[in-house]
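Report on one structure; see the data block that follows.
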Amino acid sequence: MRTTGQGAPRGLRRSRWRGPATTLAAFALLVVAWELVKVLVPDDGVTIGGVRVLPRTSDAAMPHVWTVVGRLFDPEVAGAAEPRSIGAAVAAGALFTLRLSLGGLILGGVLGVLLAVVMQRSGLVERMVLPYVIASQTVPLIAIAPLVAGWGGKIAVFGQPWEPWASVMVIAAYLAFFPIAVGMLRGLNSPARADVELFRALACGWWTTLVRLRLPASVPYLIPALRLAAAAAVIGAIVAEISTGTRGGIGRLIIEYAQSATGDPSRMYTAILGAAVLGLVAAGAVGLLDLALVRYRSASR
-5 MRTTGQGAPR GLRRSRWRGP ATTLAAFALL VVAWELVKVL VPDDGVTIGG
45 VRVLPRTSDA AMPHVWTVVG RLFDPEVAGA AEPRSIGAAV AAGALFTLRL
95 SLGGLILGGV LGVLLAVVMQ RSGLVERMVL PYVIASQTVP LIAIAPLVAG
145 WGGKIAVFGQ PWEPWASVMV IAAYLAFFPI AVGMLRGLNS PARADVELFR
195 ALACGWWTTL VRLRLPASVP YLIPALRLAA AAAVIGAIVA EISTGTRGGI
245 GRLIIEYAQS ATGDPSRMYT AILGAAVLGL VAAGAVGLLD LALVRYRSAS
295 R
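Reminder that position 67 of the sequence shown reads as 61 in our numbering, one-by-one numbering, no gaps.
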């Protein structure tokens, strides 16, 4: 394999740039498709047999991309004593939601990994717990969020009252733990039987086999699961903010800007754009972890 001057494989260097380049290309394609729809579809959409098959494309329903971007520089409240641009408000809300999403991702990740280790250790536990883990994801999130917020308001942690943002973090963790638990369980069971038998022949205990064999082998399965969990945590945090009325996050901004969508729909789309960028940032954070664990991925291959 050809290498660069620093000795790193050229294919590895290309793969590092492939993800960001693909993301930018997909975003550019989405922008082009959005504008093509506005050009090709009538303002009132397309209706066949009384059923609307294509949406309205007027500026009141689908503003131009450059209109949404330009709105980021407008003041959020006209005539305010301390004016703040819509872009600054969206950035502050996205940062607030990002912290809760990452907190939920960490909490859900720890729970998912521990649950996967326990299930791998005991086949009986796996058969008992795994169906309930899968069934837990069929419950509508919008129904769980008010329950979590209601339960949280009745408890205290170390003498401190339960904050609304804690409910958002718990709901984000609820969505994040499932892909991590399933992916980690598959990774822990991925080592070849010959490798497991070799560790047994060397009189290695369960803990040594877990640390030296199963955990490194699970990295190629864990990283994709973490990417899904990161996106799920962002979605869970936004939905939880909307359902519980938690202020400060991007979910609350979507509700506030949606109230003025009839007169200024581009403002609502700025919050939606911030939520989309938030998901990309969360996935990028997982990408940094992937770079840190790349030697385990190479060894697994």
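Even glycine gets a Cβ: it sits at the ideal position worked out from N, Cα and C.
First and last residue of the uninterrupted beta strand (DSSP E) at residue i
{"i": "Leu105", "result": "That residue, Leu105, is in no beta strand (DSSP E); its alpha helix (DSSP H) goes 80 to 115."}
{"i": "Thr41", "result": "40 to 42"}
{"i": "Arg206", "result": "Premise fails: Arg206 is in no beta strand (DSSP E) and is neither H nor E."}
Residues near residue i in its chain [Cβ-Cβ closer than 7 Å; skip 5 each side]
{"i": "Ala175", "result": "Gly106, Leu109, Ala110, Val127"}
{"i": "Val275", "result": "Leu92"}
{"i": "Val35", "result": "Leu48, Thr51"}
{"i": "Val59", "result": "Val25, Trp28, Glu29"}
{"i": "Ser212", "result": "Met178, Gly181, Leu182, Ser184"}
{"i": "Ala160", "result": "Gly146"}
Cβ-Cβ separation, residue j to residue i (assumed contact under 8 Å), whole Å
{"i": "Ser260", "j": "Arg78", "result": "The pair is not a contact, with the Cβ atoms about 17 Å apart (cut-off 8 Å)."}
{"i": "Val162", "j": "Leu94", "result": "5 Å"}
{"i": "Ala223", "j": "Pro173", "result": "5 Å"}
{"i": "Ala269", "j": "Ile232", "result": "6 Å"}
Of the listed residues the options, nearest to residue i (C-alpha basis)
{"i": "Val271", "options": "Ala85, Val164, Phe67", "result": "Ala85"}
{"i": "Val119", "options": "Thr51, Trp156, Leu179", "result": "Leu179"}
{"i": "Phe171", "options": "Trp60, Gly43, Pro158, Val104", "result": "Val104"}
{"i": "Gly177", "options": "Met113, Glu250, Glu191", "result": "Met113"}
{"i": "Phe67", "options": "Gln154, Leu283, Thr264, Thr132", "result": "Thr264"}
{"i": "Pro69", "options": "Gln253, Ala83, Met56", "result": "Ala83"}
{"i": "Asn183", "options": "Pro158, Ala227, Ser116", "result": "Ser116"}
{"i": "Ser254", "options": "Gly239, Val71, Ala211", "result": "Val71"}
{"i": "Asp258", "options": "Asp38, Ala54, Ala22", "result": "Ala54"}
{"i": "Asp37", "options": "Met56, Leu192, Tyr215", "result": "Met56"}
{"i": "Thr318", "options": "Thr41, Ala15, Leu135, Val40", "result": "No answer is possible for residue 318: the residues shown for the chain start at -5 and end at 295."}
{"i": "Ala226", "options": "Leu18, Ile149, Gly273, Leu283", "result": "Gly273"}
{"i": "Gly81", "options": "Glu250, Ala252, Val62, Thr17", "result": "Val62"}
{"i": "Asp284", "options": "Tyr215, Val123, Leu267, Cys198", "result": "Tyr215"}
Bounding residues of the alpha helix (DSSP H) (the contiguous stretch that carries residue i)
{"i": "Leu283", "result": "259 to 286"}
{"i": "Arg180", "result": "158 to 182"}
{"i": "Leu192", "result": "187 to 195"}
{"i": "Cys65", "result": "Looking at the sequence provided, one finds Arg at residue 65 rather than Cys. Arg65 -> alpha helix (DSSP H) spans 59 to 65."}
{"i": "Val45", "result": "That residue, Val45, is in no alpha helix (DSSP H); its beta strand (DSSP E) goes 45 to 48."}
{"i": "Ala55", "result": "That residue, Ala55, is in no alpha helix (DSSP H); it is neither H nor E in DSSP."}
{"i": "Glu250", "result": "244 to 252"}
{"i": "Val142", "result": "135 to 146"}
Neighbourhood of residue i by C-beta, 6 Å cutoff - its chain only, sequence neighbours within 5 removed
{"i": "Ile165", "result": "Ala139, Val142, Gly230, Ala234"}
{"i": "Val205", "result": "none"}
{"i": "Arg221", "result": "Ala277, Val280"}
{"i": "Gly243", "result": "Gly87, Phe90, Thr91, Glu235"}
{"i": "Gly102", "result": "Ala167, Ala170, Phe171"}
{"i": "Ala219", "result": "Pro173, Ile174, Gly177"}
{"i": "Thr203", "result": "Phe193"}
Nonlocal neighbours in the same chain, by C-beta distance under 8 Å from residue i, ignoring five residues either side
{"i": "Arg246", "result": "Gly87, Glu235, Ile236, Gly239, Thr240"}
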